[in-house]
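Heads up: the structure comes next, in structure tokens.
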Amino acid sequence: MRRSSRLAPVALAVAALLLGVLPGQAQARPGRAPDRVTVGDRTFITDGQGRALQWRGFNLADKGGRGADAFADIHESDLRDMAARGFNLARLAFFWDDLEPAPGRYDRGYLARMRRILDWADRYHVKVVLDAHQDVYGPHFGSRGVPGWATRDEGLPFTPVPEDWFSEYFEPSVQAAFDRLYKDTDLRAAHARMWMTVASALGRHPALLGYDLMNEPFARFLEGEDLPAAAARFEAGELTEMWNRLARAVRLVDDRSWVFVEPTVIVGLGVPTRLGRIDDPHAGYAPHFYETAMETGGDYDPDGTFIPAYEAAISDYPARNRMPVIVGEWGGNPYVPHGSRFVTDMTAALDRFSSGWTWWQWCRGGGYCFLDQAGAPKPNALLLVQPYARAVAGDPLGFAYDPATRTYTLTFRTRGGTGGPTQITVPRDAYPNGYRVTVRGGDARWDGRGQTVSVDTRGRTGTTYEVTVSPR
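Residue numbers for the sequence shown follow our numbering, so the first one is 1 and each next one is one higher.
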């Protein structure tokens, strides 16, 4: 009886949501500081002092742990060590199939373990994006994500492809399951209710930045469609509708956290998204950035066209909609022959079009793990440890890191209504023998302590500064 009475208001709210009788847009609270600033064609999340924020970090994911063992492979030391190397963001994967093993029965212990990880993150000043992760839909197809009870494969065939798991997305049964999730009224309601449950339980946590509403959504192909055509149709229709519906569900219980939406993986082929507008004042864009050749086990081609094609495709949508871009996943095998060039080229590109990123993933071992089995950063992965301006008291006009000289440059212009200093994270691993700082522009004071350089522009407005950090 207790569980039923607790869920009744949620069920009524979900019903009203699906009928479209609830407001579709959260309103900013009166007197609240602006939550974003747009500089040129790029938008940044801002803090309570109006400073433009940047993000660097990792995905945290335990795909093997289930039930009582869920998240067992994620430890407080992971957050501590990330922060010690200067990182300030974690994208935490959770799985709907673990959270709600039976319809309407939510595992409160699972939510408590998520909260414990958020507590650790807060202790080390790391923000968290909660990622509703799925791979090949869910456990019905031998993976993780959407519960088996919410899987309708229409009796269509499924053939596992262990040597190429991504190709399983093209199985008719998998595509049918996605299609039914988007179209069946009861599954749409369950999906919204799941997010309301998460946001109600964790939405006020001080470490929470926001919610990545669904990892790498996929769709059913219609007869005669190729991947670009199917993606364009799906993004413009069902995917846009789903993102808006889930965002409205979150807003019923949480009006302050960010909601992050993804395009389909077709953007990795340099195809612009056809997503429509997300009608939410705190919506961010969280595409993934994977190099196709490396995803199939090859080496990175420094002379290839992947990065320029991706940059050309990725920037228009968030620029038009004034959405901050935080790349939710990117990565690669750092041991390939051109692994160092891959990391430096990709981080330079990310500095040009995004305000942050999370590498896949923070883990020990092979593959894309940042750490080796002994817990030491892999040599080429260590190139991820770079200076960045985590908070800019003004408008960031440009920022870049030159790995050859280990020189970081930030140019910004001060503006009214911004408080606090500009803070640049200078990781010890990047400057083991210390660093030096130069500030050009107006009158400013700077102070370098440990991994943070603070630049106090003394309340000036409309002045341009250039800050350079280089080895001592």
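Glycine residues also receive a C-beta, built at the ideal position from the N, C-alpha and C atoms.
Whole alpha helix (DSSP H) elements within the stretch 371-435, 4-residue minimum: Correct list: empty.
Candidates 135, 335, 167, 349, of which the one nearest residue 326 by Cα: 349
Neighbourhood of residue 414 by C-beta distance below 7 Å, restricted to the same chain and skipping five residues each side: 393, 394, 457, 460, 461, 462, 463
Alpha-carbon spacing of residue 331 relative to residue 119, whole angstroms: 27 Å
Stretch pair the stretch 223-237 + the stretch 121-141: three plus CB contacts closer than 8 Å: no
Helix, strand or coil at residue 471 [DSSP, three-state]: strand
Residue 35 vs residue 130 beta-carbon contact at 8 Å: no
Residue 151 vs residue 324 beta-carbon contact at 8 Å: Not in contact: residue 151 and residue 324 (Cβ atoms no closer than 8 Å).
Integer-rounded CB distance, given that residue 400 should sit under 8 Å from residue 351: 6 Å
Whole-angstrom C-beta distance between residue 124 and residue 70, which should lie under 8 Å: Contact annotation, residue 70 with residue 124: C-beta distance approximately 22 Å; criterion of less than 8 Å not satisfied.
Residue 21 versus residue 172: straight-line alpha-carbon distance, rounded: With a pLDDT of 40 at residue 21, under the threshold of 50, the modelled position of this residue cannot be trusted, and the question is left open.
Burial state of residue 274, where buried means 16 or more other Cβ atoms lie within 10 Å: buried
Cβ neighbour criterion (16 or more within 10 Å) applied to residue 241: exposed
For residue 76, the nearest candidate out of 411, 450, 114, 102 (CA to CA): 114
8 Å Cβ cutoff met for residue 442 and residue 380: no
Where residue 170 falls, given that 16 or more other Cβ within 10 Å makes a residue buried: exposed
Own chain, CB closer than 6 Å to residue 454, minus 5 neighbours either side, in chain order: Around residue 454: 421, 423, 447.
Top-ranked residue by Cα proximity to residue 433, from 154, 370, 470, 197: Distances from the CA of residue 433 to each of 154, 370, 470, 197 were compared; the closest alpha carbon is that of 470.
Where residue 288 sits in the DSSP three-state scheme: strand
Buried or exposed by the 16-neighbour rule on C-beta atoms within 10 Å, applied to residue 310: buried
Separation of residue 445 from residue 270, as counted between CA atoms: 43 Å
First through last residue of the alpha helix (DSSP H) which encompasses residue 98: Residue 98 -> alpha helix (DSSP H) spans 96-99.
Beta strand (DSSP E) segment containing residue 45, residue limits: 42-45
Cβ-Cβ separation, residue 126 to residue 207 (assumed contact under 8 Å), whole Å: Yes, they are in contact, since the Cβ atoms of residue 207 and residue 126 sit about 7 Å apart, within 8 Å.
Closest by C-alpha distance to residue 41, when choosing among 451, 329, 336, 318: 318
CA nearest to the CA of residue 474, picked from 96, 87, 66, 440: A query on residue 474 cannot be resolved here, the shown segment of the chain reaching from 1 to 472 and no further.
The stretch 174-183 / the stretch 293-300 touching (three or more Cβ pairs under 8 Å): no
Among 412, 252, 389, nearest to residue 426 - alpha-carbon criterion: With distances taken between Cα atoms, residue 426 lies closest to 389.
Within 8 Å, strictly: CB atoms of residue 228 and residue 263: no
Opening and closing residue of the beta strand (DSSP E) in which residue 445 lies: Note, residue 445: beta strand (DSSP E), 445-449.
Opposing strand residues paired with residue 553 [DSSP bridges]: This structure cannot speak to residue 553, because the chain is shown only from 1 to 472.
Residue 268 to residue 329 span [Cα, whole Å]: 12 Å
Which residues DSSP lists as bridging residue 456, in chain order: DSSP, once it has assigned bridges, lists 445 as partnering residue 456.
Nearest neighbour of residue 440, chosen from 409, 449, 116 [CA to CA]: Considering only 409, 449, 116, the residue with the shortest C-alpha distance to residue 440 is 409.
Stretch pair the stretch 187-201 + the stretch 246-262: three plus CB contacts closer than 8 Å: yes
Extent of the continuous beta strand (DSSP E) run through residue 55: 55-60
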